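Asker: Provided herewith is a single structure, encoded as structure tokens, for subsequent inquiry.
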DNA sequence: GAATACATTGTTGTGCACATCATCGCGCAG
DNA sequence: CTGCGCGATGATGTGCACAACAATGTATTC
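Protein chains in written order, with our numbering: chain A, 342 to 570; chain B, 342 to 570.
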């Protein structure tokens, strides 16, 4: 083999976590678009294991609503219709606001540094936009915002719902139903506004700004979609 | 074949669902108390399958936070300390109120009949209290209340958090740290009050009553717990 | 007598062969 | 040409044997 220096003794749990995160990222960044069929055998081979441990990951992802396995047919990345997506968004709005009200914690030095880096990345994105990098940036920013609450269950639930919805929104961007340039621009403004609120220590205001942007982002997507879907 | 009348052709999915619901119920009704070790082999034998399909169920339950498997040691029912439980309760309060605000739907005839039956059961419980039957009643009532919102994601999240917390609260009842008679009495009142609110069509009020009772129930439990835990 | 090394035991994790299922395409009858 | 039956194909689901691992008890050595 070649230099497997990074390959420290992987416990079963670590390997599971790695595969889980990797596949979830691929789904959420649209490497696997909704409707895509995943091959258990191919994935198992890629991760260097047999189907058994991989299936454990797939079962978990199915529980999170990102996959659906059908006996004799295949394992597919789920898609959702607009009505259920609307319900999820309505819930996400409320949860976003709760982030500022339930166990809020001011950003420590490390988190603040992360926010500044995220602001830089978003500004750079304006000059050189790219769908996938934008998706990654969006996700990183969302996860950073979650660190503003110490309420672990709220973080888990919010994260879960984010992963369920963001890929559908991304699909709209990719399909050019909504303009990437505009989205990047709006996102940049969101980051700046939220950072301004954080700077004066108003976590609730930051949460409200986020809530507003989630709402508007969904509206833009809904308007950009013709009739069906 | 012989007369397998009740055994309608069980697809893999149905069998999975049955085992999942059954084990989850056992955990939430404290048939398996927190800390209990579950035997994969014994459970598989009980359900008449091999370990493989059963493990799928366990993986799902682990994802929901009800179980935890440790390689070479065993599969254990999770327990939670008071601080994390408090966070979950704070979130549940908000979600309960959201039930009355996000996509509320007035009870149809069937749901209303269910509510009346639940009221009867709660009144009967006063005369003849029993921990496990009370636990089941409490769960049934909670699930009925969830049907007052059409917001599917909200229902899923609320249900999930309920299953995570109710068994800890039940543990307190079983340990006589809080009085079963009192709890039944309070519950009876909650049911009556909520039904009164529903009768005049005030779903938001019903949700607020539920929120209040969740809050008070947690306070009673917290006060009833000595110092540690 | 105490501490340590080691074998034993019982558990979850893994790999593989096969069963079961849904789909597609071919062949045949009408 | 069309419709139907049916076998081939490839996917997920299942069962079993074994590997990896942790805990416990025991023997051995200092």
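For glycine and all other residues, C-beta sits at the position ideal for the given N, C-alpha and C.
Being a predicted model, the structure only gives us computed values, none of them experimental.
Does the beta-carbon of residue 441 of chain B have 16 or more other beta-carbons within 10 angstroms, so that it is buried, or is it exposed?
Answerer: By 1-based counting over the second chain, the position of residue 441 of chain B is 100. Residue 441 of chain B is buried by the Cβ-count criterion.
Asker: I'd like to know if residue 345 of chain A contacts chain B, where contact means its C-beta is closer than 8 Å to some C-beta of that chain.
Answerer: Translated into positions along the first chain, residue 345 of chain A becomes position 4. Summary for residue 345 of chain A: the model assigns pLDDT 38, below 50, so the residue's position carries little reliability, and this model does not support an answer.
Asker: Do you know how far the Cα of residue 518 of chain B is from the Cα of residue 558 of chain A?
Answerer: Stepping through the first chain from its first residue, residue 558 of chain A is reached at position 217. Stepping through the second chain from its first residue, residue 518 of chain B is reached at position 177. When rounded, the distance between both Cα atoms is 49 Å.
Asker: If the cut-off is 7 Å on Cβ atoms, which residues from the stretch 391-416 of chain B count as contacting chain A, listed in chain order?
Answerer: Answer in chain order: 397, 400, 401, 404, 412.
Asker: Return the CA-CA distance between residue 532 of chain B and residue 498 of chain A, expressed in angstroms with no decimal places.
Answerer: For the purposes of this step, residue 532 of chain B is taken as the residue at position 191 of the second chain. For the purposes of this step, residue 498 of chain A is taken as the residue at position 157 of the first chain. Distance between the alpha carbons of residue 532 of chain B and residue 498 of chain A: 28 Å.
Asker: Shorter than 8 Å from the beta carbon of residue 494 of chain B to some beta carbon of chain A?
Answerer: On the second chain, residue 494 of chain B is found 153 positions in, with the first residue counted as 1. Yes, residue 494 of chain B counts as interfacial toward chain A.
Asker: What is the rounded straight-line gap between the Cα of residue 360 of chain A and the Cα of residue 395 of chain B?
Answerer: If you number the first chain from 1, residue 360 of chain A lands on position 19. If you number the second chain from 1, residue 395 of chain B lands on position 54. Each residue's Cα considered, the two are about 22 Å apart.
Asker: Do you know whose CA, among B:527, B:512, B:563, lies nearest residue 376 of chain B's CA?
Answerer: Reading the second chain from its first residue, position 35 is the one you call residue 376 of chain B. Considering only alpha carbons, the answer is B:512.
Asker: Let me know if residue 463 of chain A comes out buried or exposed under the rule of 16 or more other beta-carbons within 10 Å of its beta-carbon.
Answerer: The residue you call residue 463 of chain A lines up with position 122 of the first chain. Buried, since its Cβ has 16 or more Cβ neighbours within 10 Å.
Asker: Is residue 410 of chain A helix, strand or coil when you go by DSSP?
Answerer: By 1-based counting over the first chain, the position of residue 410 of chain A is 69. In the structure shown, residue 410 of chain A sits in a strand (DSSP, three-state: E or B).
Asker: Got a sec: which bits of the stretch 439-470 of chain A sit with their beta carbon under 7 Å from any beta carbon on chain B, in order along the chain?
Answerer: Hits within the stretch, in order: 439, 443, 444.
Asker: Going by C-alpha distance, which of B:365, B:522, B:549, B:357 is nearest residue 468 of chain B?
Answerer: Position 127 of the second chain, counted from the first residue, corresponds to residue 468 of chain B. When each option's Cα is compared against that of residue 468 of chain B, the closest is B:522.
Asker: Below 8 Å on the Cβ atoms is my contact criterion, and I expect residue 429 of chain B with residue 505 of chain B to pass it. Report the Cβ-Cβ distance as a whole number of Å.
Answerer: The residue you call residue 429 of chain B lines up with position 88 of the second chain. The residue you call residue 505 of chain B lines up with position 164 of the second chain. At roughly 6 Å, the Cβ-Cβ gap stays under 8 Å, so residue 429 of chain B and residue 505 of chain B are in contact.
Asker: Are residue 397 of chain A and residue 357 of chain A close, meaning C-beta to C-beta below 8 Å?
Answerer: Residue numbering aside, residue 397 of chain A sits at position 56 when the first chain is read from its first letter. Residue numbering aside, residue 357 of chain A sits at position 16 when the first chain is read from its first letter. Yes, Cβ-Cβ distance for residue 397 of chain A and residue 357 of chain A is below 8 Å.
Asker: What does DSSP give as the partner residues of residue 379 of chain A in its beta bridges?
Answerer: Counting from 1 along the first chain, the entry for residue 379 of chain A is found at position 38. Paired residue(s): A:416.
Asker: Given a cut-off of 8 Å on the beta-carbon distance, is the pair residue 466 of chain A and residue 473 of chain A in contact?
Answerer: In the first chain, counting from the first residue as 1, residue 466 of chain A sits at position 125. In the first chain, counting from the first residue as 1, residue 473 of chain A sits at position 132. Contact flag unset, no.
Asker: Would you report the Cα separation of residue 529 of chain A and residue 458 of chain B, rounded to the nearest angstrom?
Answerer: The count along the first chain starts at 1 and reaches residue 529 of chain A at position 188. The count along the second chain starts at 1 and reaches residue 458 of chain B at position 117. Approximately 55 Å between the Cα atoms of the pair.
Asker: Could you round the C-beta distance between residue 390 of chain B and residue 408 of chain B to whole angstroms and report it? I think they count as a contact, below 8 Å.
Answerer: Here residue 390 of chain B is taken as the residue at index 49 of the second chain, counted from 1. Here residue 408 of chain B is taken as the residue at index 67 of the second chain, counted from 1. Not quite, the Cβ-Cβ distance comes to about 18 Å (not below 8 Å), so this is no contact.
Asker: Less than 8 Å separating the beta-carbons of residue 470 of chain A and residue 525 of chain A?
Answerer: Your numbering for residue 470 of chain A matches position 129 in the first chain. Your numbering for residue 525 of chain A matches position 184 in the first chain. Cβ distance < 8 Å, so residue 470 of chain A and residue 525 of chain A count as in contact.
Asker: Threshold first: 4 residues or longer. Then list the alpha helix (DSSP H) segments lying entirely within the stretch 355-401 of chain B, N to C.
Answerer: If we require 4 residues or more, the alpha helix (DSSP H) runs fully inside the stretch 355-401 of chain B come out as 381-387.
Asker: Can you name the start and end residues of the alpha helix (DSSP H) that residue 565 of chain B belongs to?
Answerer: In the second chain, the residue the question calls residue 565 of chain B occupies position 224. Element bounds for residue 565 of chain B: 544-565.
Asker: Mind checking if residue 483 of chain A is an interface residue toward chain B, Cβ cutoff 8 Å exclusive?
Answerer: One-based indexing of the first chain puts residue 483 of chain A at position 142. False, the Cβ-Cβ gap to chain B never drops below 8 Å.
Asker: Whose CA, out of B:439, B:386, B:413, B:555, lies closest to the CA of residue 492 of chain B?
Answerer: Taking the first residue of the second chain as position 1, residue 492 of chain B is located at position 151. Comparing Cα positions, the closest option is B:439.
Asker: Starting from residue 532 of chain B, trace the alpha helix (DSSP H) both ways and give me its first and last residue.
Answerer: Against the second chain, residue 532 of chain B aligns to sequence position 191. Run containing residue 532 of chain B: 521-540, per the alpha helix (DSSP H) assignment.
Asker: Which residues, in chain order, does the stretch 348-370 of chain A contribute to contact with chain B at a C-beta distance below 9 Å?
Answerer: Here the close residues are 352, 353, 354.
Asker: Span of the alpha helix (DSSP H) holding residue 518 of chain B?
Answerer: In the second chain, residue 518 of chain B corresponds to position 177, counting from 1. Taken as a continuous stretch (DSSP letters only), residue 518 of chain B belongs to no alpha helix (DSSP H), as it is neither H nor E.
Asker: Residue 437 of chain A and residue 351 of chain A: beta carbons closer than 8 Å?
Answerer: Numbered from 1 along the first chain, position 96 holds the residue referred to as residue 437 of chain A. Numbered from 1 along the first chain, position 10 holds the residue referred to as residue 351 of chain A. For residue 437 of chain A and residue 351 of chain A, no; Cβs fall outside 8 Å.
Asker: How should residue 508 of chain A be labelled, buried or exposed, when 16 other C-beta atoms within 10 angstroms of its C-beta is the threshold for buried?
Answerer: Locating residue 508 of chain A in the first chain gives position 167, counting from the first residue. That one is buried.
Asker: If you draw a straight line from the alpha carbon of residue 485 of chain A to that of residue 455 of chain A, how long is it in whole angstroms?
Answerer: What you label residue 485 of chain A is simply residue 144 of the first chain in a count that begins at 1. What you label residue 455 of chain A is simply residue 114 of the first chain in a count that begins at 1. Straight-line Cα distance between these residues: approximately 8 Å.
Asker: Using the Cα positions of residue 545 of chain A and residue 561 of chain A, report the straight-line distance between them to the nearest angstrom.
Answerer: In the first chain, the residue the question calls residue 545 of chain A occupies position 204. In the first chain, the residue the question calls residue 561 of chain A occupies position 220. Whole-angstrom Cα-Cα distance: 24 Å.
Asker: Taking residue 539 of chain A as the reference, which of A:553, A:446, A:478, A:564 has the closest Cα?
Answerer: On the first chain, position 198 is the one that residue 539 of chain A refers to. For residue 539 of chain A, the nearest C-alpha among the options comes from A:446.
Asker: For residue 384 of chain A, I'd like the list of residues in its chain whose CB is within less than 6 Å of its CB, leaving aside the five on either flank, ordered along the chain.
Answerer: Within the first chain, the letter at position 43 stands for residue 384 of chain A. 395, listed in sequence order.
Asker: What number of angstroms, rounded off, separates the C-alpha of residue 448 of chain B from the C-alpha of residue 481 of chain B?
Answerer: Taking the first residue of the second chain as position 1, residue 448 of chain B is located at position 107. Taking the first residue of the second chain as position 1, residue 481 of chain B is located at position 140. Residue 448 of chain B and residue 481 of chain B: Cα-Cα distance of roughly 15 Å.
Asker: So that I know if they touch, is there some Cβ in chain B lying closer than 8 Å to that of residue 551 of chain A?
Answerer: For the purposes of this step, residue 551 of chain A is taken as residue 210 along the first chain, with counting starting at 1. Output row for residue 551 of chain A: interface = no.
Asker: Going by the DSSP bridge assignment, what does residue 490 of chain B pair with across the sheet?
Answerer: As a first step, residue 490 of chain B is located in the second chain; it is residue number 149 there, counting from the start. Residue 490 of chain B pairs with B:445.
Asker: Helix, strand or coil, according to DSSP, for residue 428 of chain A in the structure here?
Answerer: In the first chain, residue 428 of chain A corresponds to position 87, counting from 1. Helix at residue 428 of chain A.
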